[in-house]
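One structure below.
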Amino acid sequence: MDTSTSSEDKPVQRSKSFSFNVQREVCSSCEKTVYPMERLVADKLIFHTTCFCCKHCNTKLSLGSYAALEGEFYCKPHFQQLFKSKGNYDEGFGRRQHKELWASKEHDTKTA
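Be aware that the sequence shown starts at 1, since it is given in full-length UniProt numbering, and climbs by one per residue.
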């Protein structure tokens, strides 16, 4: 009689200390799951290493080669170029200038 038992007869036991209920992280760019090996954190946002790109030219960025402004990421050459083109961050990056906002507030206080 064969006393050895086959592997089919033994129940599989799993460690109780390990759980698959890990918080799922999502890429800020593509909104897909980010796994630890492809995870990059910049300005408290999580990205795939392949999704972390310049907004202007779409070049892949690294933690040492980017500049951020209001949640948007740029390669350093384009960040400098956009700033230099208008001499300020607002116009260079397509935003309304702060001085226009101040002027509209002054106008509102004078008419009130």
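Ideal placement from N, C-alpha and C gives every residue a C-beta, glycine not left out. Bear in mind the structure is a predicted one, so any value in this text is a computation, not a measurement.
When you compare only the Cα positions, how much space is there between K44 and S65?
16 Å
Consult DSSP for F73 and reduce its assignment to one of helix, strand or coil.
Reduced to three states, the DSSP call for F73 is strand.
Buried or exposed, going by whether 16 or more other CB atoms sit within 10 Å of the CB of Y35?
exposed
Can you tell me the Cα-Cα spacing of R27 and H48, whole angstroms?
Sequence check: residue 27 is Cys here, not Arg. Cα to Cα, the separation comes out at about 6 Å.
With DSSP as the reference, label H78 as helix, strand or coil.
Note: H78 maps to helix in three-state DSSP.
Looking at the structure shown, is F47 part of a helix, part of a strand, or coil, going by DSSP?
strand
Nearest-angstrom Cα distance between C30 and K84?
30 Å
Please state if the CB of A67 and the CB of A42 are separated by a distance shorter than 8 Å.
no
Can you look up K84 in the DSSP assignment and give me helix, strand or coil?
helix
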